[in-house]
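Residue numbers (the working numbering): 2 to 271.
Heads up, the beta-carbon is just placed ideally off N, CA and C, and yes, glycines get one too.
Just so you know, these numbers come straight off a predicted model, no measurement behind them.
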C-alpha cells in the first residue's frame, strides 16, 4: 500500500502546507481519502501530484474538527460516488477554550445535514472492505484525553468535556503488519496502538501515521510519551500536523530513525 500526504502543516518546494491533514491512500485496488483539511488545498495538491479525486472509492473522517472536515464539500463536488464514513457521535458541536473564551473548532455548520445522503455513520468497529477497518477506542483512554486536552462539546445549553467519542482510527492489514492512521490521536498514540494491537492479536504493528497532539505539551510529557510509544513495539512512525515541530524533534531524539516527518507531497510506501 502507499499513501500521499495532500495536506500537512509543512509544505515543500512544489506544494504549500496548511494547518490540517489529508491523505490519499491506495490499498490493493481501492483508493481512499482520509480527511480533507480545512479548505480546498487538498484538492489543489492532489491535482499537482496527478491524483484524481473522482476515482476515490470512499472517504473517512478521523474526527469532528474543522481542520480535517471542512474541505469535504470540495471533495463531494469532485467525486459524485464516494461515501464518507464518520463516527456515529460526530456532530457540529466541538469547541476549544482560547484566552478564556469558547472557540468553535467543529465541522462547518450544516454540512452533516446537507450531505447526509453521502454519509455513513459508524457506531463501533467496522470492516469497510477486506483488510480495511475503522476502529473505535475505549472510553477509558478517551476519558484520559478528556481530562488532558480541555476541549468541549456544546449539548443543548451546556458545555461538557469532549471525550472524543467522535474519533476513530483507519487501520489496514498488510503483509508487513498492521498500519494505523489516526489524524490527531487525542486518545494518545500509545493507547491507540495498544488497543489496535489487542483487536488484531498476534499481529505486529508495522506503522503509526498521523498527528499526536503534542504541540501544546511539555518536553517532559513528550519524552514520557515517546517512551510509551517505544514500548508498543511499533516499527515505523510518520507524524506531523498537531505533533508540532518541537514535539517531532523530541520524539526523533528519543526514538531515532523510526520517526519520520510528514509534509505535503510525501509518499509513504508500506
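- Judged by DSSP secondary structure, residue 248 falls within the alpha helix (DSSP H) whose first and last residues are 246-256.
- Beta-bridge analysis with DSSP links residue 161 to 154.
- For residue 182, the enclosing beta strand (DSSP E) starts and ends at 178-182.
- In the assembly as shown, residue 5 is a buried residue. Its beta-carbon has 16 or more other beta-carbons within 10 Å.
- In the DSSP assignment, residue 194 falls within the alpha helix (DSSP H) that extends over 190-200.
- Taking residue 76 as reference, the option from 225, 33 and 228 with the minimal CA-CA separation is 33.
- Residue ranges of uninterrupted alpha helix (DSSP H) with 4 or more members, entirely inside the segment 47-103 and ordered along the chain, are 67-70 and 73-79.
- Bridge pairing for residue 26: 4 and 33 [DSSP].
- Here residue 79 is near residue 54, since their CB atoms are less than 7 Å apart.
- Spatial neighbours of residue 251 in its own chain (CB-CB distance under 7 Å, excluding positions within 5 residues in sequence) are listed in chain order as 220, 223, 224 and 227.
- Taking one beta carbon from each stretch, the segment 233-250 and the segment 205-213 have 3 or more pairs nearer than 8 Å; the two touch.
- Its Cα nearest to that of residue 269, the residue 239 stands out among 239, 46, 185 and 89.
- For residue 218, the secondary structure class from DSSP, reduced to helix, strand or coil, is coil.
- By the neighbour-count criterion, in which a residue is buried when 16 or more other Cβ atoms sit within 10 angstroms of its Cβ, residue 60 is buried.
- Counting C-beta pairs closer than 8 Å gives three or more between the segment 140-150 and the segment 185-194, which meets the contact rule.
- Taking C-alpha positions only, residue 17 is separated from residue 174 by approximately 31 Å.
- Here the alpha carbon of residue 130 sits roughly 32 Å from the alpha carbon of residue 215.
- Residue 177 and residue 198 have their C-alpha atoms some 14 Å from each other.
- In the three-state reduction of the DSSP assignment, residue 147 falls in the helix class.
- Distance from the CA of residue 50 to the CA of residue 266, rounded to the nearest whole angstrom, comes to 7 Å.
- Considering only 134, 185, 122 and 160, the residue with the shortest C-alpha distance to residue 66 is 185.
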